[in-house]
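Chain order of the listed sequences is R and L. Quick note on this note's numbering: the first sequence kicks off at 4 and runs consecutively. Quick note on this note's numbering: the second sequence kicks off at 4 and runs consecutively.
2 protein chains.
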Amino acid sequence: MTQETNTLSIDELSALVVKIFTHAGMSDQQAQATAKVIVSGERDGCKSHGIYRIEGCLRTIAAGKVEPRAEPELTDDRSAVLRVDAKGAFSPAAFALGAPVLAERARELGVATLVINSCTHFSALWPEIETLTDMGLAALAICPSYASVAPHGGKEPLLGTNPLAFGWPRPAKHPYVFDFATSIAARGEIELHRRAGTQIPEGWAMDVNGEPTIDPEEALAGAMLPFGAHKGSAISTMIELLSGVMIGDMTSPEALENLGNTTLSPHHGELIIAFSPEKFSAGRPGNPFDRAETLFDAILGQGARLPSQRRFAMRDKTMREGVTLTSDEMQSLQSFLS
Amino acid sequence: MTQETNTLSIDELSALVVKIFTHAGMSDQQAQATAKVIVSGERDGCKSHGIYRIEGCLRTIAAGKVEPRAEPELTDDRSAVLRVDAKGAFSPAAFALGAPVLAERARELGVATLVINSCTHFSALWPEIETLTDMGLAALAICPSYASVAPHGGKEPLLGTNPLAFGWPRPAKHPYVFDFATSIAARGEIELHRRAGTQIPEGWAMDVNGEPTIDPEEALAGAMLPFGAHKGSAISTMIELLSGVMIGDMTSPEALENLGNTTLSPHHGELIIAFSPEKFSAGRPGNPFDRAETLFDAILGQGARLPSQRRFAMRDKTMREGVTLTSDEMQSLQSFLS
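Below, the structure is given as structure tokens:
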């Protein structure tokens with residue numbers, strides 16, 4: 004295999020990932036939606052949320068812990084709570100079904116929420132956030148994962164890495180978007196250290212005895228720490244309450260108990276809140292999109308960065324030049340088709 | 004003055020604070036609502052949000068930077084966005100007007116928001132959160148303050164201390180509530196160090212040159228740091244966007260420019276989001292309030308604490324025994340009436 008064949012256009016990579024998922028038994032709807040998120044990760048240089056995730060998806064399918072052909076179903080009672088039952092499938096198809104209705108309802112009521120129930124989650128939240136910022140909405144998304152983080156002051160895994168993602172639309176620019184784990188590090192980052200045989204930084208995790216560790220194996224067997232001490236721990240608990248308990252779906256400890264281990268994609272729900280800046284700012288002085296740019300300019304003007312800038316720079320590059328994969332990565336992808 | 008006279012019942016302290024505010028020119032509506040929040044802080048042992056705040060309120064009134072007699076006005080278009088124009092007064096009376104309608108709308112639509120515009124803020128958000136948890140709702144409240152925190156990677160004040168508060172109702176128990184600054188420390192904490200002549204911990208702030216400092220004067224003149232590095236900085240930016248830009252009210256840099264200094268209460272808006280757990284969990288397995296208790300038990304069971312536990316313990320004590328003030332504090336309160 005020559006070096007040239009390892010550079011794929013986004014469309015070529017998408018077709019390959021869809022083929023892999025279809026080969027593994029996913030319906031076309033599920034394969035298309037899931038591949039889109041994974042290709043977005045690879046496109047943006049997020050290795051821990053790119054094609055690296057495919058193996059886990061396939062293992063989760065093989066283990067019977069996800070419904071690869073389920074059709075998500077939307078329930079809409081005309082309130083500010085829209086609900087999509089993912090029926091055990093991966094979340095992207097459920098989100099794709101609910102997003103346009105969520106956007107419409109947010110424009111009508113000012114704020115609206117999308118509850119995804121009974122989904123198997125596996126990836127980043129920013130692709131969902133960007134779907135909504137592309138429609139001119141501000142959006143916030145949260146979900147539990149599985150128990151792997153000790154609450155501040157504790158020493159046993161209870162909370163999930165519980166991501167918090169937010170976006171604000173910037174006309175004619177990449178949106179303001181952040182998406183991070185409420186643990187100090189994402190579990191995928193520790194997993195990458197394990198694969199690379201490297202140590203993790205101090206302060207990321209505790210071993211099974213509640214002692215600090217820099218060994219990724221010990222960290223994965225023990226407990227990660229929340230970011231920001233008691234404040235991050237409180238935010239992570241809020242995420243369990245709002246996007247686990249409140250929406251009638253599994254909390255992180257329940258998701259772990261249901262799954263039995265932490266090597267497969269967890270089953271839980273998700274909560275997405277969409278805001279219409281036009282509706283919220285109506286009748287008030289100033290254009291919210293212009294005023295946001297003033298704030299961003301002030302951040303950049305003192306040498307600080309906006310979140311996701313590196314990701315967007317990589318996106319601009321790969322959209323022009325394609326995604327370059329190593330020979331090992333290409334062989335891995337091909338092996339999924341055998 | 005004997006030691007006995009320094010212990011006041013909650014009602015006695017409330018009456019005294021209302022008298023001070025009325026004496027300073029506040030309307031009865033404004034004095035009652037503002038006093039309630041300040042007395043709640045003192046009752047709960049939050050010295051930085053208790054009677055300590057009165058002096059700042061009076062200075063803000065004297066400087067003409069707050070409307071002490073404004074009547075808040077509610078606008079309701081039957082959407083999920085309720086709006087109260089505080090008309091330049093302190094925020095508590097505006098919140099008191101909007102809260103019952105917010106609760107009703109959240110029960111109807113599942114989620115609803117209260118925008119407070121043009122208020123002068125001065126205190127903690129947890130009294131507002133607890134008003135909503137007392138009505139059986141989960142709630143989230145955010146607001147800007149004035150530019151005093153550098154964004155992560157920067158070195159000039161731009162963001163506010165931007166509090167984030169959340170609550171979850173616990174039937175027959177004190178609610179799950181957190182309320183913290185998205186700076187590492189609250190500005191009031193640094194101010195208390197300045198008054199006490201003590202140093203602040205390392206990592207809280209930078210001086211005017213962007214160098215680390217443990218001097219509270221230098222910290223107040225320089226910039227505080229966000230909690231949780233880039234993650235806390237991103238959350239603080241989100242708070243500027245949602246509860247400043249989006250609602251058509253001042254961001255923290257605008258509030259500072261408007262005020263001209265950081266010794267008075269800032270003028271800005273606030274965003275409160277209320278969720279109905281009953282509505283969100285309808286048709287799903289399990290009772291959300293019971294399931295939340297399982298989560299809290301698991302946190303407490305491994306030796307970690309729930310936020311606000313110390314505050315609630317103090318509340319239980321002062322509700323029984325009254326609030327004990329030092330002679331200096333009593334004299335200070337009396338001096339406000341002269």
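Ideal placement from N, C-alpha and C gives every residue a C-beta, glycine not left out. None of these values were measured; they are calculated from a predicted model.
Mark residue i as exposed unless 16 or more other C-beta atoms lie within 10 angstroms of its C-beta, in which case mark it buried.
i	result
Arg294/R	buried
Lys282/R	buried
Asp80/R	exposed
Ser330/R	exposed
Leu259/R	buried
Asp182/L	buried
Asn165/L	buried
Gln6/L	Only weak support exists for where Gln6/L lies, its pLDDT of 49 falling under 50; the coordinates are left without a value.
Gln33/R	buried
Ala150/L	buried
Glu133/R	buried
Asp14/L	exposed
Ser121/R	buried
Leu245/R	buried
Met29/L	buried
Taking just the CA atoms, how far does residue j sit from residue i?
i	j	result
Ala199/L	Gly213/L	24 Å
Tyr2/R	Ile145/R	Here chain R covers residues 4 to 341 and nothing more, so residue 2/R does not appear.
Arg108/L	Leu140/L	11 Å
Asp397/R	Pro256/L	The requested residue 397/R does not occur in the structure, where chain R is confined to residues 4 to 341.
Met4/L	Leu336/L	Any answer about Met4/L is weak, because its pLDDT of 43 lies below 50 and its placement is not dependable; what the coordinates show is given next. Roughly 14 Å separates the two Cα atoms.
Lys320/L	Lys50/L	15 Å
Leu11/R	Lys22/R	15 Å
Asn343/L	Val211/L	There is no way to answer for residue 343/L, as the model of chain L reaches only from 4 to 341.
Ile187/L	Met227/L	7 Å
Ile238/L	Thr185/L	7 Å
Val40/L	Ala127/L	8 Å
Gly113/R	Ser279/R	5 Å
Glu76/R	Glu243/R	24 Å
Ala232/L	Leu262/R	33 Å
Gly206/L	Val152/L	12 Å
Pull the bridge partners of residue i from the DSSP assignment, please.
i	result
Asn120/L	Asp88/L
Gly170/L	Ala142/L, Val180/L
Val152/L	Leu162/L, Met227/L
His271/R	Cys122/R
Ile238/R	Looking at the DSSP assignment, Ile238/R forms no beta bridge with any residue, so it has no partner.
Ala277/R	Ala115/R, Ala142/R
When you compare each of the options to residue i by their alpha carbons, which one comes out closest?
i	options	result
Glu220/R	Thr327/R, Ala83/R, Ile250/R, Thr266/R	Thr266/R
Ser82/R	Ala153/R, Ala115/R, Gln305/R, Ser30/R	Ala115/R
Leu105/L	Leu16/L, Leu274/L, Gln202/L, Lys234/L	Leu274/L
Leu349/R	Ala102/R, Met209/R, Glu194/R	An answer regarding residue 349/R cannot be provided, because it is not within the stretch 4 to 341 covered by chain R.
Ala189/L	Phe230/L, Pro71/L, Ile217/L	Phe230/L
Phe169/R	Glu159/L, His124/L, Met241/L	Met241/L
His52/L	Trp129/L, Ala142/L, Glu133/L	Trp129/L
Thr37/L	Leu135/L, Phe98/L, Leu112/L	Phe98/L
Gly91/R	Ser268/R, Thr297/R, Met317/R, Met322/R	Ser268/R
Ala142/L	Ala66/L, Val248/L, Leu117/L	Leu117/L
Ala224/R	Val87/R, Asn290/R, Pro280/R, Pro160/R	Pro160/R
Gly306/L	Leu167/R, Gly157/R, Leu61/R, Asn290/R	Gly157/R
Asp31/R	Ser43/R, Thr78/R, Phe93/R, Gly247/R	Phe93/R
Glu192/R	Ile250/R, Thr297/R, Gly28/R, Ile217/R	Ile217/R
Give the residues of chain L in contact with residue i, contact being defined as C-beta atoms less than 7 Å apart.
i	result
Trp171/R	Leu244
His155/R	Ala307
Lys158/R	Gln305
Phe230/R	Gly231, Lys234
Val248/R	Pro291, Arg294, Ala295, Leu298
Ala301/R	Leu161, Pro256
Can you name the residues of chain R whose CB is closer than 7 Å to the CB of residue i?
i	result
Phe181/L	Ala237
Met241/L	Phe169
Which bits of chain L does residue i rub up against, with CB to CB less than 8 Å?
i	result
Ser82/R	Glu111, Leu112, Gly113, Lys282
Pro310/R	His233, Ala237
Ala141/R	Leu244, Leu245, Met249
Taking Cβ-Cβ distances shorter than 9 Å, what residues in chain L pair up with residue i?
i	result
Gly251/R	Phe283, Ser284, Ala285, Gly286, Arg287, Pro288, Gly289, Pro291, Arg294
Thr116/R	Gly113, Val114, Phe278, Phe283
Taking Cβ-Cβ distances shorter than 9 Å, what residues in chain R pair up with residue i?
i	result
Met322/L	The contacting residues do not exist; Met322/L stays about 25 Å from chain R at best.
Asn264/L	Simply none; closest approach about 19 Å.
If the cut is a Cβ gap below 8 Å, which residues of chain R does residue i touch?
i	result
Lys351/L	Only positions 4 to 341 of chain L appear in this structure, which leaves residue 351/L out of reach.
Asn2/L	The requested residue 2/L does not occur in the structure, where chain L is confined to residues 4 to 341.
Is it the case that the CB of residue i approaches a heavy atom of the ligand SAM more closely than 6 Å?
i	result
Cys146/R	Inclusion of the ligand SAM in the displayed structure is not the case, the ligand content being empty and no account of it being possible.
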